Amino acid sequence: MAKKILIGVGVILLLIGAFVGYASTKPDVFEVQRSLVINAPAEKIFPHVNNFHAWEAWSPYEAKDPKMKRSFSGPESGKGAKYAWDGNDEVGAGNMEMQISDAPNKISIRLEFTKPFQGVNTAEFTFTPQGEGTNVVWKMTGPNPLMCKVMQTIMDMDKMCGDDFAKGLAKLKALAEK
385 MAKKILIGVG VILLLIGAFV GYASTKPDVF EVQRSLVINA PAEKIFPHVN NFHAWEAWSP
445 YEAKDPKMKR SFSGPESGKG AKYAWDGNDE VGAGNMEMQI SDAPNKISIR LEFTKPFQGV
505 NTAEFTFTPQ GEGTNVVWKM TGPNPLMCKV MQTIMDMDKM CGDDFAKGLA KLKALAEK
């Protein structure tokens with residue numbers, strides 16, 4: 385009987401080891417990216433992203449928790465502008481700071497999550513002329529520690545975040561094309 389239990393425990397440990405081993409083969413850096421062509425010049429779109437006060441009109445995360453607590457500091461917009469939030473389980477808590485504001489081409493944001501997990505990532509928006517419109521790319525990159533790699537074998541982070549990015553870009557498109 386004890387031998388069967390030991391064999392069972394050994395098999396379980398072997399499966400866990402194989403699972404963690406598989407997870408460890410995932411990349412050390414993650415990237416989620418979505419893009420959309422907006423029928424407006426970059427000069428019209430850029431201010432909606434460059435000013436955190438304007439995000440309420442298009443960010444998909446604002447809609448997930450209308451009661452979310454928000455605070456702003458630093459300049460009104462552009463480099464140094466800061467935004468902090470504390471919301472429900474779906475949006476968590478954290479803060480953002482504009483690191484690069486190169487109108488009307490690129491915005492880079494330091495994105496720090498404090499709840500439900502801690503992490504620091506980079507969000508980047510690029511605005512590239514395409515025909516009569518602008519191709520807007522929303523990208524997030526960051527470190528991918530082992531625990532995140534394990535979670536990614538169960539959950540599709542690209543789909544989860546990517547779907548939110550696509551919704552946000554669609555709202556940004558509707559706003560900029562008015």
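Count along the sequence shown from 1, add 384, and you get the number used in this note's numbering.
No residue lacks a Cβ here, since even glycine has one placed at the ideal position from N, Cα and C.
Computed from a predicted model, the values in this text were never measured in an experiment.
| Check | Outcome |
| --- | --- |
| So Asn434 is in the alpha helix (DSSP H); what residue range does that whole segment cover? | 426 to 434 |
| Cβ atoms of Gly517 and Ile422: under 8 Å apart, would you say? | yes |
| Between the region 493 to 502 and the region 468 to 482, are three or more C-beta pairs nearer than 8 Å? | yes |
| Based on the DSSP secondary-structure assignment, which residues constitute the bridge partners of Phe497? | Gly478, Gly503 |
| Return the first residue and the last residue of the beta strand (DSSP E) that Gly365 is part of. | Residue 365 lies beyond the stretch modelled for the chain, which goes from 385 to 562, so this question has no answer here. |
| Here's the rule: buried if 16 or more other CB atoms are within 10 angstroms of the residue's CB, otherwise exposed. What is Met524? | buried |
| Output yes if chain B places a C-beta closer than 8 Å to the C-beta of Met544; else output no. | Although the question refers to chain B, the structure presented lacks it and comprises just one protein chain. |
| What's the C-alpha gap between Ser461 and Met531? | 35 Å |
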